[in-house]
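Participant: Residue numbers (my numbering): 217 to 708. Glycine included, every Cβ here is placed at the ideal spot set by N, Cα and C.
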């Protein structure tokens with residue numbers, strides 16, 4: 217094994233190098249540019265994310281799809297789209313956050329480097345092929361999010377959310393580490409695919425591997441917020457600043473689901489579709505059911521979206537457990553835009569520390585028609601109403617689930633459709649109150665706040681993606697990157 221990286225190795229992690237270098241640069245810039253609400257730091261963070269976006273195309277065109285760093289890092293088509301998703305979510309968070317940071321009197325320029333470093337961890341989670349590399353990425357993302365959730369130090373709810381997230385996150389890390397140790401004990405290697413090979417054999421090695429995989433999946437389930445590992449989610453979502461919540465609901469959740477997708481894709485062929493499908497399928501069914509039922513009782517829209525995310529995690533994990541790849545990725549892309557847009561609108565309505573509830577948005581359409589329209593569209597798309605993007609995401613995913621021949625696929629399909637119908641109540645309730653309520657809510661009575669161009673941009677882009685984006689990008693398009701495939705052919 218050659219431990220000295222060559223030029224192709226370094227180019228393969230070019231987005232990670234750009235983000236890491238940019239984060240370190242921002243830590244230095246904050247001491248020289250402290251005025252104007254750290255606008256230089258914020259502007260530079262946006263430029264770094266744009267540079268990382270273009271470097272992602274560079275690394276996928278040359279050296280292209282393949283394994284690097286002696287098999288510890290992998291460039292793949294699926295990994296490319298996950299990278300795009302992380303960078304877009306982070307860029308939208310940078311645009312939507314200044315107004316909220318100013319309202320909460322948070323002059324913390326570390327906000328932007330932490331955002332960049334968390335994206336570095338996400339890249340390692342879904343592109344790493346070694347359990348040690350994956351663990352480093354997982355912890356880098358998690359530690360950054362712990363700090364981001366608790367940055368509003370004057371808010372008791374934020375501190376409580378950060379502490380609960382940290383404690384339960386550390387607990388899940390223990391499961392993940394134990395899983396890594398058992399996988400290594402059963403295979404003698406930390407390479408993910410090789411460490412799963414004993415699943416097809418019998419004896420002590422196979423038992424070690426099965427125990428390790430179960431513990432590993434438990435740790436990942438904590439990060440995804442599957443039932444019954446979900447308890448941190450509502451408090452963390454409600455206590456964090458709304459743009460941070462949006463980032464957690466999109467990029468962080470997508471990275472954790474991407475890691476689960478990577479693990480399932482590394483299974484030996486003879487193991488795929490066996491008992492591990494049942495294990496994750498049952499968790500998925502319980503998650504979608506629990507999330508939707510508890511969301512029915514919520515009054516705060518942020519908590520509604522928190523429990524909704526638990527239900528959506530169930531839909532996605534159901535697709536992953538039955539072999540879905542492009543369909544799962546398409547669902548995550550659409551869900552990310554729906555969530556980014558919804559949380560951006562909520563951050564605009566909050567005006568600092570105001571809580572947005574169902575009652576507070578009564579009659580909102582009369583005073584703020586465009587805001588209520590955007591919010592209603594995002595919630596309708598989350599419900600899966602045609603012809604919005606959420607409908608097509610669920611349709612493609614449920615089609616993949618229906619292709620399964622096992623009994624679990626039938627249960628997941630029935631459960632997914634039934635839960636989607638159940639969720640209509642709390643999603644459509646937003647439009648009923650905003651457009652049909654005769655009583656004006658607290659937010660409707662107040663004067664419209666000053667426009668935020670960052671929030672407007674994020675909401676507009678998300679609206680376009682939800683309304684017509686599905687027409688230009690579909691699951692069949694996500695596995696066809698001509699420049700990546702051509703590069704792989706040239707190396708052969």
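1. Taking 8 Å as the threshold (C-beta atoms), are residue 264 and residue 245 in contact?
2. Taking DSSP as the reference, what is the three-state secondary structure of residue 601?
3. Residues in the same chain with beta-carbon distance under 7 Å from residue 262, minus the five sequence neighbours each way, listed in chain order, please.
4. Just verifying my parser: in three-state terms, what is the DSSP assignment at residue 291?
5. Figure out for me which residue from 366, 518, 536, 638 has the closest Cα to the Cα of residue 474.
6. According to the neighbour-count rule (16 or more other Cβ atoms, all chains shown, within 10 Å of its Cβ), is residue 549 buried or exposed?
7. Taking the beta strand (DSSP E) that residue 395 falls in, what are its first and last residues?
8. In terms of residue numbering, what span does the beta strand (DSSP E) encompassing residue 282 cover?
9. Looking at residue 465: is its Cβ nearer than 8 Å to the Cβ of residue 500?
10. For the alpha helix (DSSP H) that contains residue 407, what are its first and last residues?
11. Taking 7 Å as the limit between beta carbons, can you name the residues of its chain near residue 545, skipping five residues before and five after?
12. State the start and end residues of the unbroken alpha helix (DSSP H) segment that holds residue 626.
13. Tell me whether residue 357 is buried or exposed, calling it buried when 16 or more other Cβ atoms sit within 10 Å of its Cβ.
14. Is it right to say residue 468 is buried, meaning 16 or more other beta carbons lie within 10 angstroms of its own, or is it exposed?
15. Taking 8 Å as the cut-off, does the region 377-396 touch the region 510-527 (at least 3 CB pairs, one atom from each stretch)?
16. For the alpha helix (DSSP H) holding residue 471, just list the boundary residues, first then last.
17. With DSSP collapsed to three states, give me the class of residue 516.
18. Pop quiz: residue 433 and residue 398 are said to be a contact at Cβ under 8 Å. What is the actual Cβ separation, rounded to whole angstroms?
19. Work out the CA separation of residue 637 and residue 233 for me, nearest whole Å.
20. So is residue 220 buried or exposed if we call it buried at 16+ other beta carbons inside 10 Å?
21. When you compare the CB positions of residue 471 and residue 338, do they come within less than 8 Å of one another, or not?
22. Any idea if residue 585 is buried or exposed, counting beta-carbon neighbours within 10 angstroms, 16 or more meaning buried?
23. By the three-class DSSP mapping on this structure, what secondary structure does residue 711 have?
24. Among 277, 342, 313, whose alpha-carbon lies nearest the alpha-carbon of residue 481?
25. Can you say whether residue 403 is buried or exposed, counting buried as having 16 or more other CB atoms within 10 angstroms of its CB?
26. Residue ranges of each alpha helix (DSSP H) run of no fewer than 4 residues wholly in the region 291-372, ordered along the chain?
27. By how many angstroms is the C-alpha of residue 336 removed from the C-alpha of residue 266?
28. Could you check what DSSP says for residue 238 in three-state terms: helix, strand or coil?
29. Rounded to whole angstroms, what's the CA-CA distance from residue 355 to residue 435? Just pull it up for me.
30. Just how far apart, CA to CA, sit residue 669 and residue 274?
Facilitator: According to the structure shown:
1. no
2. coil
3. 307, 310
4. strand
5. 536
6. buried
7. Careful: residue 395 lies outside any beta strand (DSSP E), inside the alpha helix (DSSP H) at 372-403.
8. 282-284
9. no
10. Element bounds for residue 407: n/a, residue is neither H nor E.
11. 294, 297, 694
12. 623-652
13. buried
14. buried
15. no
16. 469-481
17. strand
18. Contact doesn't hold; Cβ gap of about 12 Å is too wide.
19. 45 Å
20. exposed
21. yes
22. exposed
23. Residue 711 lies beyond the residue range present for the chain, which begins at 217 and ends at 708; the question has no answer from this structure.
24. 342
25. buried
26. 293-319, 327-343, 347-365
27. 14 Å
28. helix
29. 12 Å
30. 31 Å
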